[in-house]
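Engineer: Residue numbers (our numbering): 6 to 109. Virtual Cβ for every residue (Gly too), placed ideally from N, Cα, C. The structure presented is a predicted model; accordingly, all values stated were derived computationally and were not measured. Below are the structure tokens for one structure; questions will follow.
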């Protein structure tokens, strides 16, 4: 198994903290909660596509999304591990874009 290194070695340093704080100031609500009609403060800046050490992808703001800690820690990890997103919107539409109801 490959060593991940500590958070600073992975890029989560003072520069990241400043960029993260500025991003959350401009994007204060959790994107996943908003999809289901819930209003929740975002506390995490998530990399939509995991950067896996790629500095260009790490700093690409179009690859960032604001999430609350529960969405990041549960739903996003499940999505990364299984390739599916659990849950649905307030009208019952599945959140997973690969769900057969979302294929058009």
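(1) State the beta-bridge partners of residue 34 as determined by DSSP.
(2) Mind reading off the beta-carbon distance from residue 51 to residue 69? Whole number of angstroms is fine, and I expect it under 8 Å.
(3) Give the DSSP-derived three-state secondary structure of residue 75 in the structure shown.
(4) To the nearest angstrom, report how far apart residue 21 and residue 60 are at their CA atoms.
(5) Who are residue 52's beta bridge partners in DSSP?
Structural biologist: Judging by the given coordinates:
(1) 46
(2) 7 Å
(3) helix
(4) 12 Å
(5) 69
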